[in-house]
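Reading through the structure tokens given below for one structure.
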Amino acid sequence: MNYCSRQEAKKQILDARSLTFLTGAGISTPSGIPDYRSLKGVYQGMDAPEYLLSRECLENEPQKFYDFVMQLYHPTAKPNIIHQKIAMLSNEKDVHVVTQNIDGLHEKAGTPHCTNFHGTLYACTCHKCGEAVAWQSYIQSDCHAVCGGQIRPNVVLYGEGFQETIVQKAMQAVAQADLLVIVGTSFQVHPFCDLIHYKKASADCLVINQTEIYLPISHHLLQEDASHVFAEL
Ligand SMILES: [Zn+2]
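The opening residue of the sequence shown carries number 141 in my numbering; numbering runs sequentially from there.
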């Protein structure tokens, strides 16, 4: 790992023709969306988010699941400078985003090629009949008016598998990039962090994060708040 300056990080991003951003909760905190770590604070003494966001909780304690998931909705949150600049780069370059975030802010910012690796809160389905349901209905009630079934958001819950098509899309996005930019994530969640193994041998990897992360490949690290460097792009 080599440390790099903001200037060097900017140059790498601006010089690349094909970029894939791998993003996490840290890029949405400036939009007022708390990450799980701070939710754990809020939920101290209660069940862990790992249980509250699990298939088991959805099926066995639906009210508890619903109450927790409602805490994750921030429908009025706006994309911040990081989402906006990534979307702007898409106008000039071949840009793909693979995000762990379920907040829909990359799409709101207008990023055309975004893979929501863990799904999105802003698309829902009836767990019983399989019909698509608007998230606006879900935040009113988790009961599907048509069949009486339980509505759920299309996010990957603990205890559920990943959709093969989503994983394939994410792998392709990583494989085609000349530059991978990892932003706002501790990059420890599997299988998201395993995507790095699909990188082209010739591709560079830039990490923009407030703390060092473990990566099994050589990379550059800009250790600061990502908002600063994106504001200057
Ligand atoms: Zn239904």
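Virtual Cβ for every residue (Gly too), placed ideally from N, Cα, C. Just so it is clear, the structure is predicted and the values come from calculations on it, not from any experiment.
Exercise. Looking at the structure shown, is A263 part of a helix, part of a strand, or coil, going by DSSP?
Worked result: Position 123 of the sequence shown, counted from the first residue, corresponds to residue 263. Reduced to three states, the DSSP call for A263 is strand.
Problem set entry | Burial state of I357, where buried means 16 or more other Cβ atoms lie within 10 Å | Here residue 357 corresponds to residue number 217 of the sequence shown, with the count starting at 1. Counting Cβ neighbours within 10 Å, I357 comes out exposed, since fewer than 16 surround it.
Exercise. Is the region 149-166 touching the region 232-240, taking contact as three or more C-beta pairs under 8 Å?
Worked result: The way I'd put it, the region 149-166 does touch the region 232-240; three or more beta-carbon pairs between them come closer than 8 Å.
For this session: Grab me the residues of C269's own chain with a C-beta within less than 6 Å of its C-beta, minus the 5 sequence neighbours each way, in chain order.
Result: For the purposes of this step, residue 269 is identified with residue 129 of the sequence shown, where counting begins at 1. Hits under 6 Å: C287, G289.
Exercise. What is the DSSP secondary structure of S168, reduced to helix, strand or coil?
Worked result: Locating residue 168 in the sequence shown gives position 28, where the first residue counts as 1. Correct three-state label for S168: coil.
For this session: Output the distance between the C-alpha atoms of T260 and L212, rounded to the nearest integer angstrom.
Result: Looking up residue 260 in the sequence shown gives position 120. Looking up residue 212 in the sequence shown gives position 72. Rounded to the nearest angstrom, the two C-alpha atoms are 11 Å apart.
Exercise. Any heavy atom of ligand 1 within a distance shorter than 6 Å of the CB on G172?
Worked result: Start at 1 with the first residue of the sequence shown, and residue 172 comes out as number 32. Not so, every heavy atom of ligand 1 lies at least 6 Å from the Cβ.
For this session: Select from P219, W275, H253 the residue whose C-alpha is nearest the C-alpha of N231.
Result: On the sequence shown, residue 231 is found 91 positions in, with the first residue counted as 1. The shortest C-alpha to C-alpha distance from N231 to any of P219, W275, H253 is the one to H253.
Exercise. Going by C-alpha distance, which of H223, N256, V323 is nearest T305?
Worked result: Numbered from 1 along the sequence shown, position 165 holds the residue referred to as residue 305. Cα-wise, what sits closest to T305 is N256.
Exercise. Can you give the Cα-Cα distance for Y262 and I222, rounded to whole angstroms?
Worked result: Position 122 of the sequence shown, counted from the first residue, corresponds to residue 262. Position 82 of the sequence shown, counted from the first residue, corresponds to residue 222. Looking at the two C-alpha atoms, the distance is approximately 20 Å.
For this session: Report whether the distance from the Cβ of E199 to the nearest heavy atom of ligand 1 is below 6 Å.
Result: Sequence index remark: in the sequence shown, residue 199 carries index 59 (1-based). Annotation for E199 indicates a beta carbon at 6 Å or more from all heavy atoms of ligand 1.
Problem set entry | Where S158 falls: helix, strand or coil (DSSP) | Residue 158 sits at position 18 when you count from the first residue of the sequence shown. Here DSSP, grouped into helix, strand and coil, assigns S158 to strand.
Exercise. Do Y298 and E148 have their C-beta atoms within less than 7 Å of each other?
Worked result: Within the sequence shown, the letter at position 158 stands for residue 298. Within the sequence shown, the letter at position 8 stands for residue 148. The criterion of a C-beta distance shorter than 7 Å is not satisfied by Y298 and E148.
Exercise. On the premise that T251 lies in contact with R292, defined as a C-beta separation below 8 Å, what is that separation, rounded to the nearest angstrom?
Worked result: Reading the sequence shown from its first residue, position 152 is the one you call residue 292. Reading the sequence shown from its first residue, position 111 is the one you call residue 251. With 8 Å as the limit, R292 and T251 do not qualify as a contact, their Cβ atoms being about 25 Å apart.
Problem set entry | Among K339, I167, S326, the one whose alpha carbon lies nearest that of E352 | Walking along the sequence shown from the start, residue 352 turns up at place 212. Out of K339, I167, S326, S326 has the C-alpha closest to the C-alpha of E352.
Exercise. Relative to the C-alpha of T366, which residue among I226, E201, D282 is closest?
Worked result: What you label residue 366 is simply residue 226 of the sequence shown in a count that begins at 1. Position check: residue 366 holds Ala in this sequence, whereas Thr was assumed. Selected option, being the one with the closest Cα: I226.
Exercise. Does DSSP classify Y143 as helix, strand or coil?
Worked result: Here the question's residue 143 lines up with position 3 in the sequence shown. The answer is strand: DSSP assigns Y143 an E or B state.
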